[in-house]
Structures are given as structure tokens and as C-alpha cells.
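Chains as they are written, first to last, in the UniProt record's numbering: chain A, 1 to 288; chain B, 1 to 288.
There are 2 protein chains.
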Amino acid sequence: MNIAIIGCGDVGRCYAAALSQAGHQITGVCDSNPGRGLEAYANEIGALLHSSSGPWLAQVDLVISAVFGGVALDVARQSLPDMRKGAIYADFTTGNPGDLRASGELAAAAGVKYADVAITGAIGLGGARTPLLCAGDAADELIEIMRAVGAPSRKVGAAAGDAVALKLLRSVFTKGLEALAVECLMAAEQRGLRQELYEVLSDIDQSPIRSFMETVVTTHVRHAGRRLKEVQEARAQLRQDGIQPLALDGVMALFERTSGSIAADPLLEEPTIQNSLDWLFEQQKNNS
Amino acid sequence: MNIAIIGCGDVGRCYAAALSQAGHQITGVCDSNPGRGLEAYANEIGALLHSSSGPWLAQVDLVISAVFGGVALDVARQSLPDMRKGAIYADFTTGNPGDLRASGELAAAAGVKYADVAITGAIGLGGARTPLLCAGDAADELIEIMRAVGAPSRKVGAAAGDAVALKLLRSVFTKGLEALAVECLMAAEQRGLRQELYEVLSDIDQSPIRSFMETVVTTHVRHAGRRLKEVQEARAQLRQDGIQPLALDGVMALFERTSGSIAADPLLEEPTIQNSLDWLFEQQKNNS
Numbered sequence: 001m002n003i004a005i006i007g008c009g010d011v012g013r014c015y016a017a018a019l020s021q022a023g024h025q026i027t028g029v030c031d032s033n034p035g036r037g038l039e040a041y042a043n044e045i046g047a048l049l050h051s052s053s054g055p056w057l058a059q060v061d062l063v064i065s066a067v068f069g070g071v072a073l074d075v076a077r078q079s080l081p082d083m084r085k086g087a088i089y090a091d092f093t094t095g096n097p098g099d100l101r102a103s104g105e106l107a108a109a110a111g112v113k114y115a116d117v118a119i120t121g122a123i124g125l126g127g128a129r130t131p132l133l134c135a136g137d138a139a140d141e142l143i144e145i146m147r148a149v150g151a152p153s154r155k156v157g158a159a160a161g162d163a164v165a166l167k168l169l170r171s172v173f174t175k176g177l178e179a180l181a182v183e184c185l186m187a188a189e190q191r192g193l194r195q196e197l198y199e200v201l202s203d204i205d206q207s208p209i210r211s212f213m214e215t216v217v218t219t220h221v222r223h224a225g226r227r228l229k230e231v232q233e234a235r236a237q238l239r240q241d242g243i244q245p246l247a248l249d250g251v252m253a254l255f256e257r258t259s260g261s262i263a264a265d266p267l268l269e270e271p272t273i274q275n276s277l278d279w280l281f282e283q284q285k286n287n288s
Numbered sequence: 001m002n003i004a005i006i007g008c009g010d011v012g013r014c015y016a017a018a019l020s021q022a023g024h025q026i027t028g029v030c031d032s033n034p035g036r037g038l039e040a041y042a043n044e045i046g047a048l049l050h051s052s053s054g055p056w057l058a059q060v061d062l063v064i065s066a067v068f069g070g071v072a073l074d075v076a077r078q079s080l081p082d083m084r085k086g087a088i089y090a091d092f093t094t095g096n097p098g099d100l101r102a103s104g105e106l107a108a109a110a111g112v113k114y115a116d117v118a119i120t121g122a123i124g125l126g127g128a129r130t131p132l133l134c135a136g137d138a139a140d141e142l143i144e145i146m147r148a149v150g151a152p153s154r155k156v157g158a159a160a161g162d163a164v165a166l167k168l169l170r171s172v173f174t175k176g177l178e179a180l181a182v183e184c185l186m187a188a189e190q191r192g193l194r195q196e197l198y199e200v201l202s203d204i205d206q207s208p209i210r211s212f213m214e215t216v217v218t219t220h221v222r223h224a225g226r227r228l229k230e231v232q233e234a235r236a237q238l239r240q241d242g243i244q245p246l247a248l249d250g251v252m253a254l255f256e257r258t259s260g261s262i263a264a265d266p267l268l269e270e271p272t273i274q275n276s277l278d279w280l281f282e283q284q285k286n287n288s
């Protein structure tokens with residue numbers, strides 16, 4: 001396959017190398033601000049170096065955009081008209097989901113197949129083996145290509161933009177867990193209870209994350225008030241031990257909000273995940 | 001065993017009933033503000049009703065304190081002198097760890113065995129089968145008694161107060177997860193991606209919570225800056241979708257703080273869980 005890489009930072013170079021090693025031809029690399037290093041790199045992989053998109057894109061079967069997210073849509077808008085119909089434009093940027101959806105629509109209008117690709121990990125650590133999420137009409141084809149270079153790739157969502165949207169939703173949870181782990185392990189270490197905390201938390205391992213999340217949300221809408229007291233006590237203990245909680249302050253604010261909503265307008269039915277979420281949306285509307 | 005219950009709210013009554021059914025004799029119940037209902041209840045279980053501690057406590061082998069946490073230490077101070085040496089004082093309150101440790105020391109001075117007991121769940125849902133954490137020199141004996149009435153009970157920590165301290169540390173994590181689940185599932189539902197989010201998060205099920213926590217903390221001290229950008233993007237997406245994040249704001253504040261610390265005073269060694277926590281403590285000291 002003839003491939004062009006637009007944007008030659010860490011991401012662009014990582015996939016250029018992996019695809020090249022897998023037998024694909026990197027025919028062109030493009031960077032708006034190419035330095036000496038990039039020139040040498042292009043030579044090394046037998047690619048022509050460009051500083052902008054142009055008719056040279058007509059020769060390629062796959063364009064990989066790895067520019068900064070902020071210019072994802074601009075780059076797509078400039079590049080798509082030069083591509084041949086039926087080729088694939090794969091957007092590896094962390095552009096916002098709206099821009100990527102718009103890019104997908106431009107691609108469709110230009111007869112180009114499109115995939116938005118979210119890299120769910122650090123390229124610097126996992127290289128081309130970092131897991132990918134793909135959405136858009138070229139998702140299946142792109143997944144086949146990327147799996148062949150060792151990237152665990154999964155199709156998600158219905159439309160272009162869904163992959164990056166899911167990546168960010170995943171981030172809410174995983175980065176939240178990270179922040180909680182920092183505060184929690186600091187506080188446990190301070191009391192000499194870190195090993196015991198692991199044991200006391202190990203029951204979390206017993207239930208899949210999906211049922212855990214649904215259980216806590218359906219009980220949150222009933223018991224946020226009582227649980228708020230526990231959060232307040234936990235926060236008091238951390239502060240007393242000299243830990244300055246930040247993540248926990250956000251957690252407490254959420255419990256306070258739900259607790260107020262329960263007092264003003266309780267959910268009267270038996271909570272299910274669906275009516276719990278509906279109630280939370282309704283409360284948010286009332287509060288805004 | 002002859003047992004006294006001090007504080008006859010939901011917790012006191014729950015364990016009075018369970019212990020009574022298991023063949024123990026509840027010889028006395030004590031509440032500073034006993035109502036008609038409590039009088040009937042005491043009759044029903046064959047217990048004498050008291051409005052304060054006193055010499056009647058000398059007859060019992062086990063005192064269960066289930067008063068409000070704020071008066072835990074006062075009640076222990078009043079009750080211990082009346083108890084016989086070698087009896088057990090079990091503190092089921094959610095008093096703060098310092099008060100419970102002080103109670104344990106008073107008990108030791110009075111020749112009474114002491115356990116602090118943390119109820120890690122809702123009595124209203126699980127009744128006497130709610131899991132318990134126990135610390136203090138009477139922990140082993142109390143665990144035997146409580147297991148016999150169906151309560152999964154576990155010894156934790158080294159000193160009185162450690163059980164409730166661990167319960168609150170556990171709360172930091174579990175209530176944090178709850179808040180994150182609320183925001184995350186609302187945001188996913190809003191985009192019609194809830195089912196797919198579960199799948200994208202399911203890799204979390206693959207690693208035990210202990211190694212997950214240690215991994216994110218040891219990478220946090222290196223990568224908080226890059227990850228902060230992802231948190232900011234995730235937050236922007238939520239707000240754009242009409243979700244008002246609160247927990248995520250706290251998470252972002254923590255990433256901002258660590259990110260600033262990394263810029264000013266990076267951890268130069270290869271991060272381990274120990275030097276990562278040490279570095280985090282050091283940074284907190286510098287910032288305070």
C-alpha cells in the first residue's frame with residue numbers, strides 16, 4: 001500500500017516506521033515545518049518530504065493525519081480534494097469529536113473513505129502496539145492494516161468522531177481513578193495502612209466494571225445524602241493527616257449536589273440504570 | 001454471652017436482634033433519650049432499658065457502643081469504669097480514628113479489651129450480614145462472635161482506630177469511583193455510547209486493583225503533564241455535551257498540581273511506588 005503521513009511528530013513517525021517495516025511504502029511525509037532531522041528520516045524510509053498537501057496525495061492509498069488536534073479539520077479540508085476516490089483518510093489526531101465528524105462528512109463528499117482513530121495509551125511507552133479505537137466508514141479496513149502492524153484495534157461507535165469521543169469518556173474514568181489512587185495511597189501510606197488498604201479494596205476485583213458502575217449509579221440516586229457524610233468524614237481524616245485532597249473535593253461537590261436534589265425532588269420509582277440517568281439529567285436541567 | 005447495647009438506633013437494634021437470635025442474652029439496652037418504641041423493643045428481647053451507663057454494666061461480657069461518632073469517646077469514658085475486667089468493649093460508631101484510639105487506651109488502662117469496628121456498607125441494606133473491619137486487642141474474639149451471626153469480619157491494622165481509618169480510606173476510593181461513574185455514564189448516555197464505553201473500560205477488569213493503583217501512581221509522577229491535556233479535552237467534551245462535571249474538576253486540579261511539581265522539581269530516579277509516594281509527599285510539603 002502507498003501511504004502518506006501528514007504531521008511527523010512522535011505519532012506520525014511511530015506509525016510510519018511500523019507500516020514501513022510491515023512492507024508498506026511510505027511514499028510521502030508532510031510537515032508544515034520540516035527540519036533537518038525529518039529530511040534524513042524521509043530519506044531513510046525512502047519517502048519524499050513535503051511541506052504541504054497537494055497533487056502528490058493522488059498517488060496514495062492511505063493518508064494518516066497525525067497533526068495537532070486543533071488543525072485536524074483544516075488539514076482534512078486541504079488534503080481530501082487531492083486524494084483519489086476510494087482511498088482512505090485516517091485521522092489519528094486528538095481533535096474534538098465534532099471536528100472529526102465534520103472531516104468524515106467532507107471525506108464522504110469527496111468520495112474518500114474515512115476513519116477517526118483514537119490512540120488509547122502512550123505511544124512513547126507502547127509504540128505501534130498501543131491499542132486503537134476506530135470509527136467511520138473506513139474503520140474495518142484500517143483495523144485490518146493496523147492489526148497487521150501489531151496494534152490491538154477495535155471498531156467502536158457509529159460515526160466518525162465516536163472513537164475520539166469514547167477515548168475521552170474513557171479518560172474521565174481512568175484519569176479519575178489515577179487521581180483517586182494518588183490521594184488514597186498517600187493517605188494510607190501516611191497511616192502505615194497501605195498494604196491493608198489494598199486488601200480492603202480487593203472486593204472491587206470481584207465484580208466487572210460495568211456492573212460496578214451501574215450498581216453505584218443506581219444506589220447513588222437514593223443514598224448520596226448518607227454517603228456524603230462518609231465522604232466528609234474521609235476528607236476530614238485526610239486533612240487531619242496533612243493530605244490536601246483535590247480529587248476528593250470534586251467528589252464531595254458531586255455528592256452535595258445529588259444530596260440536594262434527592263431532598264428537593266426524590267426519584268420515587270425503584271432505581272434502574274435508565275431511570276437513574278434520566279433523573280440525573282432532569283436534576284441537572286433543574287439546577288442549571 | 002451477656003451483652004449490653006449502648007445507643008439504640010438502626011445499628012444498635014440490628015446487632016441486638018442478630019445477637020439475640022444467635023442465643024446471646026441482651027441484658028441491657030441504653031439510650032440517652034429512650035422513647036416508647038424502645039421500651040417495647042427492650043421488653044421484646046428481654047432486656048432492661050437504661051438511660052445511662054452505670055453499675056449494671058458490671059454484669060455484661062460485651063458492650064456494643066452504637067452511639068453517634070461524635071460522642072464515642074465520652075461514652076467509652078463513662079462506661080469503661082463500670083465494666084468488669086476482661087470484658088469486651090466494641091465500638092461500632094463512626095467516630096474519628098483518634099477518638100477510637102484514645103478509647104482503646106482508656107480501655108487498656110481499665111483492664112477492658114477493646115475493638116473498634118467499622119461497618120463497610122449500609123446496615124439498612126445488608127443488615128447484620130454487612131462486612132465488618134475490626135482492630136484492637138479484642139478484634140479476634142469479636143470477629144468470632146460476629147462471624148457466628150453472619151457478618152463477614154476481618155481483622156485489620158495494628159491499633160484501635162485503624163478499622164475506622166481504613167473504612168474512610170476505602171471510602172475515598174469507592175465514593176470517588178461512584179462520582180466518576182455518575183459523570184462518565186451521564187456523558188456516555190448523552191452521546192449514545194454507554195454500551196460501548198463499558199467495553200472500552202473492560203480492560204480494567206484484567207488487572208487487580210492493587211497493581212492498577214500502583215501502576216497509575218508510578219506513571220502519574222512522570223506523565224501527569226501530558227495526561228492533564230487529556231483531562232482538559234475530556235472536560236471540554238463533557239461541558240460541550242451539557243454535562244456539568246464536578247468530580248472531574250477535582251481530578252483536573254490534582255493533575256494541574258502534579259504537572260506543576262514535575263515542571264519545577266521532577267523525580268529523577270526511575271519511579272517505584274515508594275519513591276513516587278515520597279516525591280508526592282515532598283511536593284506537598286513544598287506547596288503548603
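By construction, the Cβ of each residue, glycine as well, lies at the ideal position given by its N, Cα and C atoms.
Would you say residue i and residue j are within 8 Å of each other, going by their C-beta atoms?
i, j, result
"B/M213", "A/L185", "yes"
"residue 291 of chain B", "B/H24", "Since the first and last residues shown for chain B are 1 and 288, residue 291 of chain B lies out of range."
"A/L49", "A/E39", "yes"
"A/V29", "A/A42", "yes"
"B/G138", "B/A90", "The amino acid occupying residue 138 of chain B in the given sequence is Ala; Gly does not appear at that position. Yes; because the gap between Cβ atoms is below 8 Å, this pair is in contact."
"A/F173", "B/L180", "yes"
"A/G176", "B/G176", "yes"
"A/G157", "A/L166", "yes"
"A/G250", "B/D249", "yes"
"A/G140", "B/I209", "The sequence given here has Asp at residue 140 of chain A, not Gly. The answer is no: Cβ separation not under 8 Å."
"A/V117", "A/L132", "yes"
"A/A122", "A/C14", "no"
"B/I243", "B/Q190", "yes"
"A/M252", "A/Q232", "yes"
"A/A115", "A/C134", "yes"
"A/N33", "A/G69", "no"
"B/A187", "B/D265", "no"
"A/A151", "A/T130", "yes"
Can you give the beta carbon distance from residue i to residue j, rounded, assuming they're within the 8 Å contact cut?
i, j, result
"A/R170", "A/T93", "At roughly 17 Å, the Cβ-Cβ gap does not stay under 8 Å, so A/R170 and A/T93 are not in contact."
"B/D82", "B/L57", "4 Å"
"B/G104", "B/A159", "7 Å"
"B/I64", "B/G12", "7 Å"
"B/L62", "B/M1", "6 Å"
"B/K85", "B/V112", "7 Å"
"A/Q78", "A/S53", "5 Å"
Looking only at its own chain, which residues have a Cβ that is under 7 Å from the Cβ of residue i, when we skip the five neighbours before and after it?
i, result
"A/G37", "none"
"A/A102", "L73"
"A/R235", "P245, L248, M252"
"A/P271", "T218, V221, R222"
"A/V75", "I6, S65, V67"
"B/W279", "V221, L267"
"B/L100", "A72, D91, D116, A160, G161, V164"
To which residues of the same chain is residue i closer than 6 Å at the C-beta, ignoring the five residues directly before and after it?
i, result
"B/Q283", "S261"
"A/I26", "I3, A16, S20, I45, A47"
"A/N275", "E269"
"B/L142", "A90, A115, C134"
"B/C8", "V29, D31, L38"
By Cβ distance, which residues of its chain are closer than 8 Å to residue i, with the 5 residues on each side in sequence left out?
i, result
"A/R239", "P245"
"A/A110", "L80, P81, M83, K85"
Open item on the list: Beta carbons nearer than 7 Å to chain A: which residues of the region 94 to 108 of chain B have them?
Closed with: T94, N96, P97
Task: Contact the region 205 to 220 of chain A vs the region 226 to 240 of chain B: 3+ CB pairs below 8 Å - done: no
TODO: Answer yes if the region 141 to 150 of chain B comes into contact with the region 143 to 157 of chain A, meaning at least three C-beta pairs across the two stretches below 8 Å, and no otherwise.
DONE: no
Open item on the list: To be precise: take each residue of the region 151 to 182 of chain B, compare its Cβ to all Cβ atoms of chain A, and keep it if any distance is under 7 Å. Which residues remain?
Closed with: V156, G157, D162, A165, L166, L168, L169, R170, S171, V172, F173, K175, G176, L177, E178, A179, L180, A181, V182
Open item on the list: Short of 7 Å Cβ to Cβ, which residues in the region 180 to 214 of chain A face chain B?
Closed with: L180, A181, V182, E183, C184, L185, M186, A187, A188, E189, R191, L193, E196, L197, Y198, V200, L201, S202, I204, D205, P208, I209, R210, M213
- [ ] Would you check if there are 3 or more beta carbon pairs closer than 8 Å linking the region 252 to 266 of chain B to the region 183 to 197 of chain B?
- [x] no
Open item on the list: Please list, in chain order, the residues of the region 249 to 269 of chain B that have any C-beta partner in chain A closer than 9 Å.
Closed with: D249, G250, V251, M252, A253, L254, F255, E256, R257, T258
Open item on the list: Please identify, using Cβ separations under 7 Å, the residues of the region 69 to 80 of chain A that lie next to chain B, in order along the chain.
Closed with: none
TODO: Would you list, in chain order, the members of the region 125 to 139 of chain B that have their beta-carbon closer than 9 Å to a beta-carbon of chain A?
DONE: L125, P131, L133
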